[in-house]
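Here's the structure we're looking at; comments come further down.
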Amino acid sequence: MDYLYYTLQKGINQHLFTQFGNSVDFLVFKKSSNNFKKLFFGRADLRFCIDKVEKLIFTLISAFDIIISMIKHPMEEKIMATDLSKGYGLSKWDKAQPIYDELNNLTSQPIYCVSDEALKETLEHFNTKCVKSKEITTTAKKYIPGGVQHNLAFNFPFPICMTKAEGAFLYDLDGNKYYDFLQAGGPTILGSNYEPVREKVLELLNTCGPVTGLFHEGELLLAKKISELMPGCEMFRMLGSGTESVMAAIRVARCATKKKRVIKVGGAYHGWSDQMVYGLKIPGSRQFLESHGIPGGSYKTTDEVRPNDLKMLEKMLRRNTRKGGTAAVIVEPVGPESGTRPIDLEYNEKARMLAKKYGALFIFDEVVTGFRVGIHGAQGYFFGKYDYDKELPFEWIIEDKKIVDGKVVKFKRQATGRDMYPDLTIFGKVVAGGYPSAGGVGGKKEYVSLMAAGVAGMGKKAYVGGTLAANPLSSYAGYCAICEIEKEDACAKAGRAGDRLTAGLKELVKKYNLPYVVYNQGSIVHLECTGAMSFDFSHMNLLGSVIPMLKKKPEMLRRKVAMEQMGAAYMAHGIVTLAGSRLYTSMADTDEIIDGALEKFEEVFKTIVKCEDISRFEKKH
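Residue 473 in the working numbering sits at position 202 of the sequence shown, with consecutive numbering throughout.
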């Protein structure tokens, strides 16, 4: 019966959101004092008139069609974990395996890319319409390696120089206008250069300036706001970037647990520090593909597990007990590479329990998802059903310890919601709303306190620093940005834009009979056209990874070239993406803007052909 009640709730919520968006908070089942379950409205902001009342009646009737379908075919349904009216941008959660099946199908087929003629037209566009960009980036190559400073900059056929960012659009040096689905790699959930935040920042710059090296009220405002909104963050220390924050969190974990080893999920991006450039982008690639110049010893305490594989995670945790134990398990909550490797809804919860079981800290890397997935972060989405201060509704016995009369006493207790939330949370670019020098570590007091600064940081300490960390500009900009995100319900708005973009792209893929894979986690939209990021060589044995990687490397590189060509075709039609395969929507993306962008995508899709001649993708550009 519980399953029926849950299914009914899920079906009605799904249909309500379709009809009303955020105009009604939620419908839930609640156990009353006489142990009967009742259907009731939670806090309802019923800003609707008679016509919407009629729609509500229709909703309650129509929902039962959805409910019956869910009961008959539960495995085919998408799961809603958290109510959207509470500031989340995810209307659904897709099961991982069907997506992996689609991606495997994509990589098993010939490459579908723009025709030779369309590619020629794309190159002609860049040469004739982007003349000033070509000139300046050609000069830049004399002084900057590769001609650009940022890894997100698109290099094929040459980088484009942007001069203006506004809301949902970018403008280049030649005056060309672009739909901005890069959004600086994800931090600008409000849209680029959001005026209310910009005005507050200018006020601060006119009085305090960007940095003092001493305490500023903005530091407190930001830390307090994060602690209020992020359930797992009792304290917060700001740092200069996501990479720095990952380094600090790992140091804290080792300091707290007195263990050394760190387990990451293959393909995940946790910055560019020596120990984390391992299994980057491609699971099982270890240190061989993405970065060199790192001493082999840097990876001695880094372990990698296959995405969405809980059995492999526990096997690795168990193996590590023979090597001194695991200090931390670190995950991207929506899956590696911002969901490029999707995970099942229950993965984070079970991974968290496994980390606790083996005495490892559980680290959530919310550099992208914090204040993008939702105002309470991905941790609110995945763990929000558990009251932080109360015992869990299922039996989970925790081995704990306390000091009594100066002695450490071990005991067992029933786990609480606090045990379920991450021990540490990584913040990055989103935490300052896109303003520079943005990162930090939040989490439980007993761990974050190990990073105490100044004279408070004497004793047991995980040392962190940074002259520009927690500067007035970043701190205050972050505080103002988060306030605006909360006020405007930006996560939900961006999520709805992501849903609309995803639905439109799926229709185009179907219309033109393409094997492309399209899915989203709210405002993070994935458009896989070549499958260049879909290879997986995960194996606990070195040879088990290296041998298939060597066999598949030529095909990976060909598909990478094809992905670059697709990205260039999008840009020539006025669409900026992340590497031609990922798109971030923002609050600024109205229905009109999304529909306009879809028209541009269709112009590209019309030119797609099956490319039997692979020599085109082996050329060096």
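Cβ atoms here follow ideal geometry from the backbone N, Cα and C, with glycine treated the same way. This structure is a prediction, so every number in the text was calculated from the model and none was measured.
Closest to residue i by CA distance: which of the options is it?
| i | options | result |
| --- | --- | --- |
| L394 | D574, Y414, M837 | M837 |
| C754 | I497, G606, P458 | I497 |
| N812 | G360, V576, T483 | V576 |
| F808 | K881, M624, L441, S556 | S556 |
| T483 | M858, A774, S746 | S746 |
| D694 | E863, V680, F507, R853 | F507 |
| R469 | Q380, A494, C751 | C751 |
| M624 | I614, N591, R590, L581 | L581 |
| K881 | D866, A833, T861 | A833 |
| P554 | F806, P743, E870 | F806 |
| V796 | E505, E662, G851, V523 | G851 |
| Q685 | V679, I865, P664 | P664 |
| P743 | N447, V402, L492 | L492 |
| D445 | A411, K412, K471, K403 | K403 |
Note down, in chain order, each residue of its chain lying with its Cβ closer than 6 Å to the Cβ of residue i, except the 5 sequence neighbours on either side.
| i | result |
| --- | --- |
| S340 | At S340, the pLDDT of 37 sits below 50, so the modelled position is not reliable and the matter cannot be decided from this model. |
| A765 | G360, I460, S794, T856, S857, M858 |
| L317 | Residue placement at L317 cannot be trusted, given a pLDDT of 35 that sits under 50; what the coordinates show is reported in the next sentence. None. |
| G480 | none |
Count the other C-beta atoms from every protein chain shown that fall within 10 angstroms of the C-beta of residue i, then say buried if there are 16 or more, exposed otherwise.
| i | result |
| --- | --- |
| N284 | Confidence at N284 is low in this model, with a pLDDT of 44, below 50, so its placement is unreliable and the value that follows should be read with caution. It counts as buried. |
| S886 | exposed |
| G503 | buried |
| L355 | For L355, the predicted model reports a pLDDT of 37, less than 50, meaning its position is unreliable; a value from the coordinates is still stated below. Result: buried. |
| D660 | exposed |
| G564 | exposed |
| L476 | exposed |
| D443 | buried |
| F486 | exposed |
| L584 | buried |
| E670 | exposed |
| A774 | exposed |
| P416 | exposed |
| H421 | exposed |
| Y414 | exposed |
| F297 | Residue confidence is low: F297 scores 36 on pLDDT, short of 50, so the model does not pin down where it sits. Its coordinate-derived value is still stated next. Buried, by the Cβ-count rule. |
| Y734 | exposed |
| I668 | exposed |
| N375 | exposed |
| T408 | buried |
| Q380 | exposed |
| E347 | For E347, the pLDDT reaches just 35, beneath the cut-off of 50, and the residue's location in the model is therefore unreliable, although a value from the coordinates is still provided. So E347 ends up on the exposed side. |
| E870 | exposed |
| R589 | exposed |
| R767 | buried |
Excluding the five sequence neighbours on either side, which residues of its own chain have a C-beta within less than 8 Å of the C-beta of residue i, listed in chain order?
| i | result |
| --- | --- |
| K405 | F397, N398, F429 |
| W543 | T514, S562 |
| E620 | F653, F654, M691 |
| R830 | T378, I382, T801, G802, A803, F888 |
| L849 | L423, F452, L453, G456, Y855 |
| N305 | Reliability of the predicted coordinates at N305 is poor, the pLDDT of 33 falling under 50, and no value is obtained from them. |
Return the bridge partner residues of residue i from the DSSP annotation.
| i | result |
| --- | --- |
| F633 | V600 |
| G438 | S463 |
| M811 | Beta-bridge pairing links M811 to no other residue. |
| I534 | D574, V600 |
| K672 | K681 |
| V385 | I879 |
| L551 | G538 |
| D615 | According to DSSP, D615 bridges with nothing at all. |
| N791 | V796 |
Please report whether the beta-carbon of residue i lies at a distance below 7 Å from any beta-carbon of chain C.
| i | result |
| --- | --- |
| E863 | Annotation note: the requested chain C is absent from the structure, which comprises a single protein chain. |
Near residue i, which residues of its chain fall below 7 Å by C-beta distance, leaving aside the five closest residues on each side in sequence?
| i | result |
| --- | --- |
| H647 | G358, L500, M501, P502, G655 |
| A843 | T393, H396, F397 |
| S516 | L510, I697, F698, G699, G710, G711, V712 |
| A839 | T393, F427, P428 |
| V780 | Y787, V789 |
| G438 | G462, S463, A859 |
| D322 | With a pLDDT of 43 at D322, under the threshold of 50, the predicted position of this residue should be treated as unreliable, though the coordinate-derived value follows. Once the five neighbours on either side are set aside, D322 has no close Cβ partner at all. |
Problem - Segment contact flag, the stretch 712 to 725 with the stretch 458 to 471, C-beta cutoff 8 Å, min 3 pairs - result: Inter-segment contact for the stretch 712 to 725 and the stretch 458 to 471 is absent: fewer than three beta-carbon pairs are separated by less than 8 Å.
Check whether the stretch 522 to 530 and the stretch 698 to 705 are in contact - that is, three or more C-beta pairs closer than 8 Å.
no
(Q) Measuring CB atoms only, is the stretch 605 to 623 touching the stretch 823 to 831, in the sense that at least three cross pairs come out at less than 8 Å? (A) The stretch 605 to 623 vs the stretch 823 to 831: no contact.
- Query: Just checking, does the stretch 567 to 574 make contact with the stretch 629 to 642 on the three C-beta pairs under 8 Å criterion?
  - Reply: no
**Request:** Please determine if the stretch 362 to 376 and the stretch 783 to 797 are in contact, where contact requires at least 3 C-beta pairs separated by less than 8 Å.
**Result:** Because the criterion of three Cβ pairs below 8 Å is met, the stretch 362 to 376 and the stretch 783 to 797 touch.
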